[in-house]
Every structure is written in C-alpha cells, then in structure tokens.
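Participant: A single structure is presented below for examination.
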Amino acid sequence: MQKCVAKAYKYHICFLFIKSPEDLIKYAVGIVTLNLISNLMMWLYIPGYIVKVDKSQIRPFRDIKVILSLFIPTIAIQIYTIFDKTMLGLFTESSYENGYYEQAMKVVRMLQLIVTSIATVMAPRIGYYFARSEDDKIREYMIKAYRFVWFIGIPIALGMIGISDNMVPWFFGTGYEKVKLLLKILPVLTIIIGVSNVTGIQYLLPTQRQKILTKTVVAGAIVNFVANLFLIPRLYSVGAAVASVMAEIVISALQLWHIKEELNISGIFGTGKNYLVAGIMMLLILRIESSCLSASLVHTIIMIATGVAVYLGFLIMMRDEDIMNYLRKIKTIISVKYRGK
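Rendered as structure tokens:
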C-alpha cells in the first residue's frame with residue numbers, strides 16, 4: 204500500500220511541477236528524493252521484526268550457491284531489457300523509436316503486475332506441499348494458477364489491443380501514433396510472462412530447480428539479442444517488440460517442456476479455451492467500437508466497460524467453471540446478508 208501511495212504521489216508531483224524539457228533537473232531530483240523517502244519510511248517498521256541472533260550462528264555464505272542461481276536469471280532479464288533500448292539507439296540513431304518503445308513497455312509492465320501477482324502469492328504454498336511430497340496438491344494449485352493467468356491475462360492483453368487506437372491519442376498526446384502499433388504486439392507479453400512466472404517462480408523455484416530457471420532465462424536473453432540484431436535495423440521499435448515476444452515465448456516453452464512429465468501441458472492450455480473464445484469476441488466488439496468512437500478518456504472508459512461486460516457475458520453463456528463458482532459465492536453472500544436482516 205505504501206508503495207502504491209508513493210507512486211501515486213510521484214505522478215502527482217510530475218503533473219504539478221514538470222511542464223517543459225527545462226524541468227529535467229527538477230524531475231530527476233524529485234524522483235530520487237521521493238524514492239529515498241519511500242525507502243527510508245520502510246525502516247520505521249523494521250524494529251518490530253528484528254530479533255537478536257547469536258553471532259556464532261551467522262553463516263553468510265551458506266546459501267551462496269542458491270543466491271547466485273537466483274541472481275543470474277535476474278541479471279539476464281535486466282541485461283536483455285536494457286539491450287532492447289541500447290540496440291534501438293545504436294541502429295536507429297534516433298531517440299524517437301526508443302521513446303515509442305519505452306512508453307508502450309510502461310503500459311505493458313503495469314498490466315503485467317496484475318497477472319504476475321499470483322506467483323508471489325502461490326509460491327510459498329507450493330514449497331510447503333513440495334516439502335510434504337503432496338504432488339496432487341501441487342498439481343491442483345498449479346492448474347488454478349494457470350487458469351488465473353488465462354482468466355485475467357487474456358482479457359487484459361486483448362482488451363489493450365482493442366482500446367489502443369482510442370487510448371493512445373489522448374493518453375500520450377500527439378506524436379506517439381506508433382505506440383498504437385506497439386500496443387497491438389506487446390500486450391501478449393502479459394499472458395506469456397504470466398505463464399513463465401507460474402512455471403518458473405511458482406513451480407521451479409519452490410521445487411529447488413533453479414538451474415532450469417536460469418538456463419531458460421539465459422536462452423531467452425540470447426534469442427532476444429539475436430532477434431534484435433536482425434529485426435531492429437529493419438523494423439525499429441516494432442522489431443524490438445517482436446524480439447521481446449519471441450524471447451518470452453522461448454522462455455515459457457522451455458520451462459513447460461522441462462515439466463511436461465509432471466504436469467499435463469495440453470490440459471494446462473485446455474483450461475484457457477473458454478477465456479480465449481470470450482476474449483476474441485470481446486476484441487471484435489472493441490474494434491467495432493473503436494472505429495465508431497473518437498479518441499477520448501470518456502470513450503476509452505466506455506470501451507473498457509463494454510469489454511468487461513462482453514467478456515464476462517460470454518463466460519456466463521459458456522457456463523465457465525470459475526465464473527459459475529464466483530456467481531454462486533456472490534449469491535450465497537447476498538442471501539446470507541438478507542437473512543441477517
């Protein structure tokens with residue numbers, strides 16, 4: 204919550220004080236200061252969680268191998284993320300393409316947080332069941348996690364593709380028309396990275412297979428670098444976007460291949476069938492709306508509301524298991540409240 208408040212305050216400050224390119228120093232000082240204050244405030248809560256430890260029990264290098272195995276994929280991801288922008292600058296000799304790509308990626312990263320949150324929540328549970336050798340429970344939780352990715356990731360990705368033409372002009376302003384195209388490519392990362400997060404962070408890490416995670420991420424980084432070499436000189440920011448999607452597909456595919464003996468891969472994808480059908484129908488409606496409505500905040504909100512209604516409506520028509528369970532729970536909660544009155 205504190206992080207969310209700090210970010211909201213950061214954007215508020217930007218809108219208030221950053222008015223022109225000459226305000227760059229103000230922007231840099233403001234962002235650094237707010238980040239510093241935000242991190243320092245976290246120290247206020249630390250004393251309540253710290254206990255004294257016998258110095259003789261401290262073994263700082265005991266888990267160094269495990270730490271390094273987690274450090275390498277993190278570094279690989281950071282490197283190939285930076286390479287995208289670096290190579291765009293080298294091959295295009297223009298800051299414009301970098302700007303288009305960076306702005307589109309900011310939107311996609313924000314959407315990714317919603318989908319990838321499940322891995323953070325579920326990983327400790329998988330580790331618990333792994334320690335108790337409860338394989339059936341692990342499979343049950345994994346299927347639920349993949350269903351969550353399909354349920355949330357598909358409408359977010361296809362929804363962003365559907366509203367991009369209407370949203371970009373008023374959200375980014377004039378001169379960012381190319382972001383429309385990028386937001387028709389990059390949003391699929393929310394689904395692909397959602398899958399790799401479930402497989403890698405939620406399953407491979409808790410089951411102590413960090414090496415597999417490292418290898419797959421390094422392979423993705425290599426694919427990204429090679430694809431950038433061929434695509435960026437020809438397609439510029441679009442090439443970088445395609446290369447990023449290719450890299451994440453490789454990572455997800457390799458991870459799924461490594462666990463194919465433990466989980467039913469066709470079954471995993473089968474659970475997403477209803478969500479894909481509903482998502483495609485939603486996208487078609489949004490494209491029709493986009494061609495009829497002018498670009499504005501109000502119209503984008505209308506399109507989002509329409510998309511949600513169409514998506515959920517089709518899932519109800521198909522009597523999707525998850526949706527029907529949610530509706531039953533809501534019905535039960537409402538009936539209990541009315542009985543209480």
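With our numbering, letter number 138 in the sequence shown gets 341, and the count goes up by one each step, no holes. Note that beta-carbon positions come from the ideal geometry of N, C-alpha and C, so glycine has one too.
Examine chain C for any beta-carbon lying closer than 8 Å to the beta-carbon of P372, and answer yes or no.
Facilitator: Looking for chain C here will not work: only one protein chain is present.
Participant: Out of I394, S241 and L515, which one is the CA nearest neighbour of M449?
Facilitator: In the sequence shown, residue 449 corresponds to position 246, counting from 1. Cα-wise, what sits closest to M449 is I394.
Participant: Measure the alpha-carbon distance for A444 versus E465 and round it to whole angstroms.
Facilitator: As a position in the sequence shown, residue 444 is number 241, starting the count at 1. As a position in the sequence shown, residue 465 is number 262, starting the count at 1. Taking the straight line from one Cα to the other gives about 32 Å.
Participant: Can you tell which of V501, K229 and I537 has its C-alpha closest to the C-alpha of I366?
Facilitator: What you label residue 366 is simply residue 163 of the sequence shown in a count that begins at 1. Considering only alpha carbons, the answer is V501.
Participant: With DSSP collapsed to three states, give me the class of Y406.
Facilitator: Indexing the sequence shown from 1 puts residue 406 at position 203. Helix, per DSSP.
Participant: Rounded to whole angstroms, how far is the Cβ of G482 from the Cβ of I357, which I believe are closer than 8 Å?
Facilitator: Along the sequence shown, read from residue 1 onward, the residue named residue 482 stands at position 279. Along the sequence shown, read from residue 1 onward, the residue named residue 357 stands at position 154. With 8 Å as the limit, G482 and I357 qualify as a contact, their Cβ atoms being about 4 Å apart.
Participant: Less than 8 Å between the C-beta atoms of A498 and P372, yes or no?
Facilitator: Counting from one through the sequence shown, the residue named residue 498 turns up at place 295. Counting from one through the sequence shown, the residue named residue 372 turns up at place 169. In this structure, P372 lies closer than 8 Å to A498 by Cβ.
Participant: Does DSSP put M313 in a helix, in a strand, or in coil?
Facilitator: Taking the first residue of the sequence shown as position 1, residue 313 is located at position 110. Here M313 sits in helix by DSSP.
Participant: Using beta-carbon positions only, say whether T419 and L386 come within less than 8 Å of one another.
Facilitator: Translated into the one-based positions of the sequence shown, residue 419 becomes position 216. Translated into the one-based positions of the sequence shown, residue 386 becomes position 183. No.
Participant: Grouping DSSP H, G and I as helix and E and B as strand, with all else coil, what is M485?
Facilitator: For the purposes of this step, residue 485 is taken as residue 282 along the sequence shown, with counting starting at 1. Residue state, collapsed to three classes: helix.
Participant: Take L407 and list the residues in its own chain whose beta-carbon comes closer than 8 Å to its own, dropping the five residues that flank it on each side.
Facilitator: Start at 1 with the first residue of the sequence shown, and residue 407 comes out as number 204. Q413, I415, L416, Q458, H461 and I462, listed in sequence order.
Participant: For T474, does the count of other Cβ atoms within 10 angstroms reach 16, so buried, or fall short, so exposed?
Facilitator: Locating residue 474 in the sequence shown gives position 271, where the first residue counts as 1. T474 comes out buried.
Participant: The alpha helix (DSSP H) that contains V155, what's its start and end?
Facilitator: Residue 155 lies beyond the stretch modelled for the chain, which goes from 204 to 544, so this question has no answer here.
Participant: Please state if the CB of T509 and the CB of I536 are separated by a distance shorter than 8 Å.
Facilitator: Within the sequence shown, numbered from 1, the residue matching residue 536 stands at position 333. Within the sequence shown, numbered from 1, the residue matching residue 509 stands at position 306. Against a cut-off of 8 Å, the Cβ pair of T509 and I536 comes out as no contact.
Participant: What span of residues does the alpha helix (DSSP H) with M555 cover, start to end?
Facilitator: Past the boundaries of the shown model lies residue 555; the chain is included only from 204 to 544, so the question cannot be answered.
Participant: Can you give me the start and stop residues for the alpha helix (DSSP H) that S455 sits inside?
Facilitator: Numbered from 1 along the sequence shown, position 252 holds the residue referred to as residue 455. It spans S440 to H461 - the alpha helix (DSSP H) in which S455 sits, taken as one unbroken run.
Participant: Taking its Cβ as the centre, do 16 or more other Cβ atoms sit within 10 Å of N242, making it buried, or is it exposed?
Facilitator: Residue numbering aside, residue 242 sits at position 39 when the sequence shown is read from its first letter. By the 10 Å Cβ count, N242 comes out exposed.
Participant: Determine the burial state of F351: buried for a count of at least 16 other Cβ atoms within 10 Å of its Cβ, exposed for fewer.
Facilitator: As a first step, residue 351 must be located in the sequence shown, where it is residue number 148. Within a 10 Å sphere around the beta-carbon of F351 sit 16 or more other beta-carbons, which makes this residue buried.
Participant: What does a CB cutoff of less than 6 Å around Y514 pick up in its chain, not counting 5 residues either side in sequence?
Facilitator: For this step, residue 514 is matched to residue 311 along the sequence shown. Counting only Cβ-Cβ distances below 6 Å, and skipping sequence neighbours, we find P358, A481 and M485.
Participant: Using C-beta distances below 8 Å, list every residue in its chain close to M521, excluding the 5 sequence neighbours before and after it, in chain order.
Facilitator: Here residue 521 corresponds to residue number 318 of the sequence shown, with the count starting at 1. Closer than 8 Å at the Cβ level, and outside the excluded window around M521, lie N477, V480 and A481.
Participant: Taking 8 Å as the cut-off, decide whether the C-beta atoms of L314 and M363 are in contact.
Facilitator: Walking along the sequence shown from the start, residue 314 turns up at place 111. Walking along the sequence shown from the start, residue 363 turns up at place 160. Going by C-beta atoms, L314 is nearer than 8 Å to M363.
Participant: Exposed or buried, which one is L227 when buried takes at least 16 other CB atoms within 10 Å?
Facilitator: Position 24 of the sequence shown, counting from 1, holds the residue named residue 227. Exposed.
Participant: On the CB-based measure, 16 or more other CB atoms within 10 Å of its CB, does T402 come out buried or exposed?
Facilitator: Locating residue 402 in the sequence shown gives position 199, counting from the first residue. Per the 10 Å Cβ criterion, buried.
Participant: What three-state label does DSSP hand W353 in the structure shown?
Facilitator: Walking along the sequence shown from the start, residue 353 turns up at place 150. If DSSP states are grouped into helix, strand and coil, W353 belongs with the helices.
Participant: Out of curiosity, what's the CA-to-CA distance linking G292 and L432?
Facilitator: Numbered from 1 along the sequence shown, position 89 holds the residue referred to as residue 292. Numbered from 1 along the sequence shown, position 229 holds the residue referred to as residue 432. About 12 Å.
Participant: When the Cα of G302 is compared with those of K229, G423, V441 and A512, which residue comes out closest?
Facilitator: As a working mapping, residue 302 is identified with position 99 in the sequence shown. The option with the nearest alpha carbon to G302 is V441.
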